[in-house]
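Numbering (the working numbering), first residue to last: 89 to 404. Just so it is clear, CB atoms sit at the ideal spot from N, CA and C, and this is done for glycine as well. For reference, the structure discussed in these notes is given below.
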Ligand code: ASP
């Protein structure tokens, strides 16, 4: 029996049964979120603080909505205007917030490992909303839920993760999750955008889209993360689109019912053709966003259930 989760810091520490438990609960939140009235008091009285040290549109909005739909008191820290700008360290900021007795901290940070470090210093549940190139667990979980609902299963699928793998925490978390659930994962992209040590990851690596997409059930495109590059990774955006941008011609190599995914934000005309992204028969990009809210509700709900169970144990 694996230990109950106190935090959601990454996919790495999760057991497949814990992944399935989050996805099963998330499925019920998808139905719940489709009701006109979508509010429960499950987290009523609890405080959730969102601390985003890096820009975010969908992840922050998604965590905020998730908390509000569960009845928590949600606060978004405006990190740009905070004391971090005055030189306060991450740990001091965390300790200050901890003293205000939140129950849930949702943290995004540009440095890999920063969220793990913070989780060791506070008393509440910490959810990693993306740390550097390390992990983005709720993204991988929402991708898994999207795949499971579209394909009817989450095992023995051919999944091609394409593009800027080296800089992507999304790729890393997905690789780990999809591997744990026994899928065949391939990485497709230029050698310059493959992480170091890719040969040890136990996945197939392709530098050609036609070969890499052959018979794929799922084609997962990644954003070219220019903010994490210091030049020289690609010859030009035009050339990149020509060789690695997903268009109808390249997609034709995948299975005829293959789904197309992208975590957003998208660079249309660089890693993906706008028409493919908008094609409701192939693209599940909007479903990914919908699943995001449900998965975050499920993750926070389960973490709070674990905490209540632990408190009751110590009271007996
Ligand atoms: N939104 C995702 C992330 O925060 C993917 C991306 O930015 O490309 O990692």
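Check, Outcome
"What residue range does the alpha helix (DSSP H) around residue 330 cover?", "325–332"
"Examine the ligand ASP and report whether any of its heavy atoms sits within less than 6 angstroms of the Cβ of residue 224.", "yes"
"On the three-state DSSP scale, how would you describe residue 203?", "helix"
"Please confirm whether residue 230 and residue 380 have their CB atoms less than 7 angstroms apart.", "yes"
"Counting only runs that start and end within the stretch 151–188, where is the alpha helix (DSSP H) found for 4 or more residues in a row?", "178–186"
"Do residue 257 and the ligand ASP come close, with the Cβ less than 6 angstroms from some heavy atom?", "yes"
"Who are the Cβ neighbours of residue 305 in its own chain at under 7 angstroms, not counting the five residues just before and after it?", "239, 245, 246, 247, 343 and 346"
"Leaving out five residues on either side along the sequence, give the residues of the same chain with a beta carbon under 7 angstroms from the beta carbon of residue 183.", "209"
"Just checking, does the stretch 250–265 make contact with the stretch 274–282 on the three C-beta pairs under 8 angstroms criterion?", "yes"
"Measuring from the CB of residue 283, is there a heavy atom of the ligand ASP at a distance below 6 angstroms?", "no"
"Who are residue 197's beta bridge partners in DSSP?", "219"
"Tell me which residue opens and which closes the alpha helix (DSSP H) that residue 227 is part of.", "225–239"
"Could you check whether the Cβ of residue 124 sits closer than 6 angstroms to any heavy atom belonging to the ligand ASP?", "no"
"What residues in its chain sit with their C-beta under 7 angstroms from that of residue 242, if we drop five residues either side in the sequence?", "232, 235, 236 and 269"
"Please go through the same chain and pick out, in chain order, the residues whose beta-carbon is closer than 6 angstroms to the beta-carbon of residue 194, but skip the five residues on each side of it.", "138, 151, 215 and 217"
"With DSSP run on the structure shown, which of helix, strand or coil describes residue 374?", "helix"
"Suppose contacts are defined by Cβ-Cβ distances below 7 angstroms. Is residue 261 in contact with residue 224 by that definition?", "yes"
"In three-state terms, what does DSSP make of residue 412?", "In the structure as shown, the chain starts at 89 and stops at 404, and residue 412 therefore has no counterpart that could be examined."
"Do the stretch 165–174 and the stretch 350–358 touch if we need at least three Cβ pairs shorter than 8 angstroms?", "no"
"So is the beta-carbon of residue 311 under 6 angstroms away from any non-hydrogen atom of the ligand ASP?", "yes"
"Please name the residue or residues paired with residue 244 in a DSSP beta bridge.", "BP columns for residue 244 are empty, so no partner."
"If you compare alpha carbons, which of 400, 387, 398 and 322 is closest to residue 421?", "Lying outside 89 to 404, the shown extent of the chain, residue 421 is not represented and no answer is given."
"For residue 321, collect the residues of the same chain with a Cβ closer than 7 angstroms to its Cβ; drop the 5 residues on either side in sequence, then sort them by chain order.", "280 and 281"
"Nearest-angstrom Cα distance between residue 272 and residue 157?", "36 angstroms"
"Going by Cα to Cα distance, which pick from 314, 120, 164 and 113 is closest to residue 145?", "164"
"For the ligand ASP, I want to know if residue 218 counts as a neighbour, meaning its beta carbon is within less than 6 angstroms of at least one of the ligand's heavy atoms.", "yes"
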